[in-house]
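2 protein chains.
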Amino acid sequence: MEDPLTRKLHLNAFLMGVGHHEAAWRHPRTEPARLTDVRHYQELARIAERGRLDSVFLADGVALNGDVRHNALDRLEPLTLLSALAAVTDHIGLIATVSTTYNEPFHVARKFASLDHISGGRAGWNIVTSAGEAEARNFGVVRPSHADRYARAGEFLEVVRKLWDSWEDDAIVGDRAGGHYADTGKIHAIEHLGEHFSVSGPLNTSRTPQGHPLLVQAGSSEDGKEFAARHAEAVFTAQQTLADGQEFYADLKRRLAAHGRRHEDVLILPGISPIIGSTEREALRLEKELEDLIIPAYGLAQLSRMTGLDLTEDDLDAPLPDVPAETDGAQSRRKLVVDLARREHLTVRELIGRLAGGRGHRVVAGTPAQIADQMQEWFMNGAADGFNVMPPILPGGLSDFVDYVVPELQVRGLFRYEYEGRTLRGNYGLPRPGSRYAALAVAP
Amino acid sequence: MEDPLTRKLHLNAFLMGVGHHEAAWRHPRTEPARLTDVRHYQELARIAERGRLDSVFLADGVALNGDVRHNALDRLEPLTLLSALAAVTDHIGLIATVSTTYNEPFHVARKFASLDHISGGRAGWNIVTSAGEAEARNFGVVRPSHADRYARAGEFLEVVRKLWDSWEDDAIVGDRAGGHYADTGKIHAIEHLGEHFSVSGPLNTSRTPQGHPLLVQAGSSEDGKEFAARHAEAVFTAQQTLADGQEFYADLKRRLAAHGRRHEDVLILPGISPIIGSTEREALRLEKELEDLIIPAYGLAQLSRMTGLDLTEDDLDAPLPDVPAETDGAQSRRKLVVDLARREHLTVRELIGRLAGGRGHRVVAGTPAQIADQMQEWFMNGAADGFNVMPPILPGGLSDFVDYVVPELQVRGLFRYEYEGRTLRGNYGLPRPGSRYAALAVAP
């Protein structure tokens, strides 16, 4: 385990359109016309790099989800977008969400290998499954069950890792005089034959700077936590209270041993949406400004989506109604939402306001020092190895975080002044995996 | 039809590793270690843009094909790579090869829409089908027949176009004060239900600068030509002689009317590998240098792949043996190779030398003026609307082309001095398509 005196926070900037708050696009400090303008995202990546953050991250889905009448929901595709960010940055890690549900492992392995080459070792993959009805209808299939999605995801990842290993580090000889380009003894057919996939390999892209792009995961269901404990190297999670954060952290770290992994093999990064003011009053005013821009019908529709319940006809000023037993799909997020409403005795309207900032992630409004206090508390008390930072408005919320909260974390000795590593793995303090085929080759 | 006096060539730079010649990686003017270095491709794109070329283009396949012992065959994935090139260029078009055989139309529509946004309207899609055994084995399927691949490709493209049309140009309202982001009456479910695909839509990426990224095609089989006549806006083709070029050109342009298309709706761009010297002698010396670097075993294997025949045991210094009737898959390329060998009475070794420069595309060695003469002859005599330029070595062969051949074409009035358009379509002189759903909406 790391020395607690030198242990440092890891910070990821979660980039979402013009901000994570549902009403961000209506706020005077954003420009929603920049939603499909690459320069907007390039600016965000440069700001994050200026702040020495570990990485930026893009969520994704393969359907138009939510009510686009009332929110800026069109999106660029993450892998193409991150390549364009790689071209204008040098250090920041680049994490893309790609689903295992409607994809093929060969394509996904290759695109991440390509991004890892292009970025010089800064690629990360947030592994998700596609749960939605609308997504299933874009691929002509019946929506798969939770268990089926995770079973496919596990085998998918196994194939992808084999493909990333299919070229050993020293497979390319490059002997021009002798006409010997590559040592085919170090390029391996993977001949995977499983329940979901049959893939021969090898990849047609050589071994990448990181060996394997960083593996990130964000599901908090039972299957999700098991998947993370087996495979993930960084975990994004939504936790509202220190106690919940500690419980999740301890639970996930405890699961590692069963898979032969150590405490430090996985970084746990709870989400935090920092609403920053130079005074607490200013921060609360910004929070209120954003809350006042929420469209109630949109908020009800979002709350229904997050919980999997139809609340669109509910009374805004009454408490959240009793909810039926959990169903497949949105379990962990529903529990979080219901717990929040009950704990704080919120009306539906108040709940919508609380969720609008981070879709279930924790919102902290305050001065830079107050926000740093919160982060420090979680970091020092077994609830976080770092944070998934979700600014309510972009780019302003990110530049405020970098300019005011990061220095506060730095002077407290909690965050780096300069990048330590040359790759995303290097900055996250995670090892570079070797090729499984190389290991076989050196066996007696 | 364009005024013949103002009609201009269109030029695409086909970027292939460190050069199109099979032995390029062994030549002292290349650096094969740059094969997976994004800066190599960024340099190439900037050179092409300096020469005012219309576009750069990347081929692709989804298997390691060919003998990597003797050639630099590892590749970056085109869409991720082109995004990184978009970030460092302003005008050059960016054409990526993506197969319809093992992909899903929703993913492909979205990635090209994303690239079109990121590049400000410079994306093009070279539509291919995947014919190889090795490719089929990476997706766990039996290799589909030629006809099945093209049937799937046709429906695939139909779905992709519908998805690109699913957001009308003016679907985004962006009314912040009123809380009205998009007009859902202008965002359309496509509800495609066909033999191969069932896709509801809409896309979750808004309408792009070009409406539809440019559609490019390169198959020269009967199915390929019909596909091009129905759908393509630019066609890459391998033609060895002026007569063959004229026949292909006339044939393809003749087929357009049956699909309600005009002569000028498709640009035909034969491949040309220019081996450039300041004197003819210098050009021939470079050609000889490259030829001397060919590894015979590799050449035989490549010839076998191109023709679909096993020639690996053949006598290098004998004529090409009689070949059996054509089979599914490599027909058009086999015919070209056999015709070339017969026409010029080549031994197998000589044939390998002739093919090594452009894998069946025409190789022209000479001074800039001689190369311009050849291009002019084809352009003025009904064999080409422009060229797919395949430099034998990269970057040197491309910078020589831009610095010496392009000015020669410019002074002859055959090529632009400055970009005319703001998008790839604009520079190719092709119209921007409207959304099919908008057309429906204005019907009485």
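First to last, the sequence lines map onto chains A and B.
Positions 1 to 444 (UniProt numbering) are the ones given, in order, by the first sequence.
Positions 1 to 444 (UniProt numbering) are the ones given, in order, by the second sequence.
C-beta: ideal position from N, C-alpha, C; glycine also.
Task: CA-to-CA distance, residue 414 of chain A to residue 193 of chain B, given in whole angstroms - done: 55 Å
TODO: For residue 446 of chain A, decide whether its Cβ has a neighbour in chain B, counting only Cβ atoms nearer than 8 Å.
DONE: This structure leaves residue 446 of chain A out entirely; chain A is present only between 1 and 444.
TODO: Excluding the 5 residues preceding and the 5 following residue 110 of chain B in the sequence, name in chain order all residues of the same chain whose CB lies nearer than 8 Å to its CB.
DONE: In the same chain as residue 110 of chain B, and ignoring 5 residues on each side of it, the C-beta atoms closer than 8 Å to its own belong to 163, 203, 204, 205, in chain order.
Task: Whole-angstrom distance between residue 436 of chain B and residue 366 of chain B, CA atom to CA atom - done: 48 Å
Open item on the list: For a contact defined as C-beta to C-beta under 7 Å, what are the partners of residue 206 of chain B on chain A?
Closed with: 36, 74
Task: Within 8 Å of chain B by C-beta, residues of the segment 92-116 of chain A in sequence order - done: 102, 103, 104, 106, 107, 110, 111, 113, 114, 115
Open item on the list: Can you find the residues in the same chain that come closer than 6 Å, C-beta to C-beta, to residue 430 of chain A, ignoring five residues on each side of it along the sequence?
Closed with: Cβ within range, chain order: 233.
Open item on the list: Quick check: is the beta carbon of residue 391 of chain B nearer than 8 Å to any beta carbon in chain A?
Closed with: no
Open item on the list: Mapping the DSSP letters down to three states, classify residue 435 of chain B as helix, strand or coil.
Closed with: coil
Task: Distance between beta carbons of residue 267 of chain A and residue 27 of chain A, contact taken as under 8 Å - done: Actually they do not touch by this definition, with Cβ atoms about 31 Å apart.
TODO: Identify the contact partners of residue 182 of chain A in chain B, using a Cβ-Cβ distance below 7 Å as the criterion.
DONE: Result: 68, 69.
Open item on the list: Check whether the segment 74-93 of chain B and the segment 77-84 of chain A are in contact - that is, three or more C-beta pairs closer than 8 Å.
Closed with: yes
Open item on the list: Are there any heavy atoms of the ligand PLP lying less than 7 Å away from the beta-carbon of residue 390 of chain B, as far as the coordinates show?
Closed with: In terms of ligand content, the structure shown is empty, and the ligand PLP therefore cannot be addressed.
- [ ] Tell me residue 175 of chain B's beta-bridge partners as DSSP assigns them.
- [x] B:180
Task: CB of residue 115 of chain B within 8 Å of CB of residue 57 of chain B, strictly - done: A distance of 8 Å or more separates the beta carbons of residue 115 of chain B and residue 57 of chain B.
Task: Coil, strand or helix - residue 10 of chain A by DSSP - done: strand
Open item on the list: Using beta carbons (cut-off 8 Å, strictly below), is residue 1 of chain B in contact with chain A?
Closed with: Here the model assigns residue 1 of chain B a pLDDT of 45, short of 50, so the residue's position is not dependable and the matter cannot be decided.
Open item on the list: If we require 4 or more residues per run, which alpha helix (DSSP H) segments fall completely within the segment 234-269 of chain B?
Closed with: List check, alpha helix (DSSP H) in window: 242-256.
- [ ] Select from the segment 166-177 of chain A all residues with a C-beta closer than 7 Å to any C-beta belonging to chain B, and list them in chain order.
- [x] Residues of the segment 166-177 of chain A with a C-beta atom less than 7 Å from some C-beta of chain B are 174, 176, listed in chain order.
Open item on the list: Below 7 Å on C-beta distance, what does residue 139 of chain B contact in chain A?
Closed with: 104, 106
TODO: Measure the Cβ-Cβ separation of residue 20 of chain A and residue 392 of chain A and say whether it is below 8 Å.
DONE: yes
Task: Inter-residue Cα distance where the pair is residue 227 of chain A and residue 128 of chain A - done: A direct Cα-to-Cα measurement between residue 227 of chain A and residue 128 of chain A gives close to 10 Å.
TODO: Ignore the nearest five residues each way along the sequence and tell me which others in residue 50 of chain A's own chain have a CB closer than 8 Å to its CB.
DONE: 402
TODO: Return no unless some Cβ of chain A is closer than 8 Å to the Cβ of residue 394 of chain B.
DONE: No, residue 394 of chain B lies away from the interface with chain A (no Cβ there is under 8 Å from its Cβ).
- [ ] Could you tell me if residue 138 of chain A is buried or exposed, where buried requires 16 or more neighbouring beta carbons within 10 angstroms of its beta carbon?
- [x] buried
Open item on the list: How far does the beta strand (DSSP E) with residue 388 of chain B in it extend, from its first residue to its last?
Closed with: 386-389
TODO: Determine, using beta carbons only, whether residue 79 of chain B comes closer than 8 Å to chain A.
DONE: yes
TODO: Just mark residue 178 of chain A as buried or exposed, buried being the case when its beta carbon has 16 or more other beta carbons within 10 Å.
DONE: exposed
TODO: State buried or exposed for residue 375 of chain A, treating a residue as buried only when at least 16 other CB atoms are found within 10 Å of its CB.
DONE: By the neighbour-count criterion, in which 16 or more other beta carbons inside 10 Å mark a residue as buried, residue 375 of chain A falls on the buried side.
TODO: Please check if any C-beta of chain B sits within less than 8 Å of the C-beta of residue 26 of chain A.
DONE: Chain B places a beta carbon closer than 8 Å to that of residue 26 of chain A, counting this residue as a contact.
TODO: With DSSP as the reference, label residue 154 of chain A as helix, strand or coil.
DONE: helix
- [ ] Measure the alpha-carbon distance for residue 105 of chain B versus residue 152 of chain B and round it to whole angstroms.
- [x] 10 Å
Task: Supposed contact pair residue 398 of chain B and residue 47 of chain B - C-beta distance, whole angstroms, cut 8 Å - done: Indeed they touch by this definition, with Cβ atoms about 5 Å apart.
Open item on the list: Can you find the residues in the same chain that come closer than 7 Å, C-beta to C-beta, to residue 159 of chain A, ignoring five residues on each side of it along the sequence?
Closed with: Spatial neighbours of residue 159 of chain A in its own chain (CB-CB distance under 7 Å, excluding positions within 5 residues in sequence) are listed in chain order as 105, 192, 197, 199.
TODO: Check the DSSP bridge columns for residue 126 of chain B and list the partner residues they point to.
DONE: B:97, B:216
Open item on the list: Three Cβ pairs or more, each shorter than 8 Å: is that satisfied between the segment 282-291 of chain B and the segment 347-360 of chain B?
Closed with: yes
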